[in-house]
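Residue 1 is where the sequence shown starts when you use the UniProt record's numbering, and the numbers rise one by one after that.
Here a beta-carbon is modelled for each residue, glycine too, at the ideal position from N, C-alpha and C.
I have placed the structure first, in the form of structure tokens, so that the comments after it can refer back to it.
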Amino acid sequence: MLLNGTGDVIDDHEYPATTEELIEEYGDRTLELPNGSETVADVLARLESETFDNAEDARFAVYSAVSNKAIGRVGYSDRDPTPVGSPYSPDAVSF
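Quick look at the structure:
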């Protein structure tokens with residue numbers, strides 16, 4: 001995910017700050033994601049109204065609220081087998 005300088009301005013913002021203040025100030029900034037892009041306003045609008053005590057909390061809120069456009073392959077894991085009955089399980093192959 002490319003924050004396109006958004007992380008820097010979030011770090012420089014004066015805290016505490018509310019979700020609404022961050023949307024008003026930085027909402028038009030675009031985040032480039034692997035499968036598209038979103039604005040900071042779109043991302044933060046998914047969250048409940050919150051007061052951030054510091055830049056780290058605000059940055060983590062942005063990271064946690066991005067859509068599935070930030071996911072390479074939805075449902076993919078190279079670490080665990082696909083659970084039985086999962087909609088992401090591969091089609092059965094007959095030999």
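Same chain, Cβ closer than 6 Å to residue i, neighbours up to 5 away in sequence not counted
{"i": "P16", "result": "T51, D53"}
{"i": "V62", "result": "V43"}
{"i": "T23", "result": "Per the sequence shown, the amino acid found at residue 23 is Ile instead of Thr. Cβ within range, chain order: A41, L44."}
Limits of the alpha helix (DSSP H) - the one that residue i falls within
{"i": "G27", "result": "Segment: none, G27 is in no alpha helix (DSSP H) and carries neither H nor E."}
{"i": "S64", "result": "55-65"}
Whole-Å CB distance - residue i paired with residue j, under 8 Å assumed
{"i": "A55", "j": "D11", "result": "4 Å"}
{"i": "E25", "j": "N4", "result": "Their Cβ separation, rounded to whole angstroms, is 15 Å, which puts E25 and N4 out of contact at 8 Å."}
Contacts around residue i, its chain only, beta-carbon distance under 7 Å, and the 5 residues preceding and following it disregarded
{"i": "R73", "result": "none"}
{"i": "S49", "result": "T18, T19, E20"}
Identity of the residue in the options nearest residue i by Cα
{"i": "A45", "options": "V93, V66, R59, P87", "result": "V66"}
{"i": "T30", "options": "A70, S94, P90, F95", "result": "A70"}
Residues near residue i by beta carbon distance below 8 Å, same chain, minus five either side
{"i": "D28", "result": "T39, V40, A41"}
N-terminal and C-terminal residue of the beta strand (DSSP E) that residue i is part of
{"i": "G7", "result": "G7 -> not in any beta strand (DSSP E); alpha helix (DSSP H) instead, spanning 6-12."}
Would the region 21-36 count as touching the region 80-89 if we require 3 or more Cβ pairs under 8 Å? No contact exists between the region 21-36 and the region 80-89.
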